[in-house]
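In the working numbering, the protein residues as written are 2 to 455. Heads up, the beta-carbon is just placed ideally off N, CA and C, and yes, glycines get one too. Quantities reported herein were computed from a predicted structural model and do not represent experimental measurements. So the structure is just underneath, and the comments pick up after that.
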Ligand code: MN
């Protein structure tokens, strides 16, 4: 059986990017059977597919995933062309900055984070950006291949040859991420690009799907039906399997586009599909809590989304309907304004009492070679001039992976003391991992990794 429904009409794929292809897509997200809320978000549009799985931080995981999805969805409106990998990396940085802002405004949210797996399609290639343990798969000619590698502790064990992929799937620490977007740690996403062709089918999903279905089950459910049928049967099968976590999946087919021949149809009858937003990013109460974020205008509401009607009724008087009236985010053109606002903020701070403010600042840094927490702020020369060390960890900086050593030596700012302690705990876990898996890329040589452990 072939997945290509129109072999005779298929245009050449490598004719200078003029192949008449389009993405036909569907997305679905479900809270599952155990969780109290849906912290997953998903997006599918003409050139962009995204899944983000939020977590932690006083139930702000849904804000983290919604922020990530909204940031990547922006690339769907202005496809980046040749610069796609740069644009995807920039989107990761933007989502990080956005989360930092959310945490600064609401320190209770420190500790939240999200995965993000995003696929950008154009012409005969897709580009992927990936952080965390959500996944992208390709179904081609009946064969399923996983396009992403989980950023999990158990995956590092698999890579080191310590356990098998099957053992990893049931390992008690299988949910432990070694990378996530959290607005605190800068992360390098995995970036990749690959050629694609008509008939290819893509699946992006959260671990609520891949954690309960085997690859063979996923392949079987993906092999028949259109994208809408596939997302429905995938989610339903995860629910039958107990759905201990939120379940989100996006399915898209790369198909020959017949509608290009019929563009003289009236606009109302043209099949120009609207994007679909599902999960936390689709819920208006989450969008309301992220006033700085520009959410995509989507056509097909998540079935679980609360009815939008009350919003217009209950919104504050100066609050316009969110989707229609929200001003465009101007992040990229905001440089000079941000600088002048920062100067204004500094002037104000000097008026309200510099030290009072500084003493509420915390950061994680190098305390005489150990990982530690400083209270106060660094001065303009990168020294610890206006701060003092208030806590020192047993973990020395030299035990950390190199990228974490650099971060600690530069210092990592924290929204509050609890957040700083969480950062230290994360660093201690990294050092412990370097001991457990000595050949993990980036880890120091074993003598340094184990040297200072008490
Ligand atoms: Mn999950």
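Rounded to whole angstroms, what is the Cα-Cα separation between residue i and residue j?
i: residue 313; j: residue 414; result: Residue placement at residue 313 is flagged as unreliable, the pLDDT there being 30, under the threshold of 50; the coordinate-derived value follows with that caveat. Their Cα atoms are separated by approximately 39 Å.
i: residue 299; j: residue 45; result: 9 Å
i: residue 23; j: residue 253; result: 10 Å
i: residue 115; j: residue 182; result: 5 Å
i: residue 42; j: residue 417; result: 27 Å
i: residue 406; j: residue 396; result: 11 Å
i: residue 102; j: residue 184; result: 8 Å
i: residue 82; j: residue 123; result: 7 Å
i: residue 99; j: residue 388; result: 26 Å
i: residue 370; j: residue 244; result: 45 Å
i: residue 27; j: residue 409; result: 42 Å
i: residue 36; j: residue 111; result: 21 Å
i: residue 52; j: residue 156; result: 20 Å
i: residue 366; j: residue 25; result: 48 Å
i: residue 293; j: residue 94; result: 16 Å
i: residue 287; j: residue 63; result: 7 Å
Could you spell out the range, first to last residue, of the alpha helix (DSSP H) harbouring residue i?
i: residue 99; result: 85-106
i: residue 211; result: 208-211
i: residue 410; result: 403-411
i: residue 167; result: 166-171
i: residue 66; result: 62-78
i: residue 25; result: Looking at the DSSP string, residue 25 is not in any alpha helix (DSSP H); the run it does join, the beta strand (DSSP E), is 22-31.
i: residue 158; result: 154-160
Examine ligand 1 and report whether any of its heavy atoms sits within less than 6 Å of the Cβ of residue i.
i: residue 407; result: no
i: residue 66; result: no
i: residue 209; result: yes
i: residue 91; result: no
i: residue 151; result: no
i: residue 246; result: yes
i: residue 54; result: yes
Assuming residue i is part of the beta strand (DSSP E), what are its boundary residues?
i: residue 249; result: 248-257
i: residue 280; result: 277-280
i: residue 456; result: Since the first residue of the chain shown is 2 and the last is 455, residue 456 is not available in this structure.
i: residue 147; result: 144-147
i: residue 50; result: 49-56
i: residue 367; result: 363-368
i: residue 139; result: 136-141
In this structure, how does DSSP classify residue i when only helix, strand and coil are distinguished?
i: residue 127; result: strand
i: residue 197; result: coil
i: residue 115; result: strand
i: residue 432; result: helix
i: residue 220; result: helix
i: residue 34; result: coil
i: residue 202; result: strand
i: residue 418; result: helix
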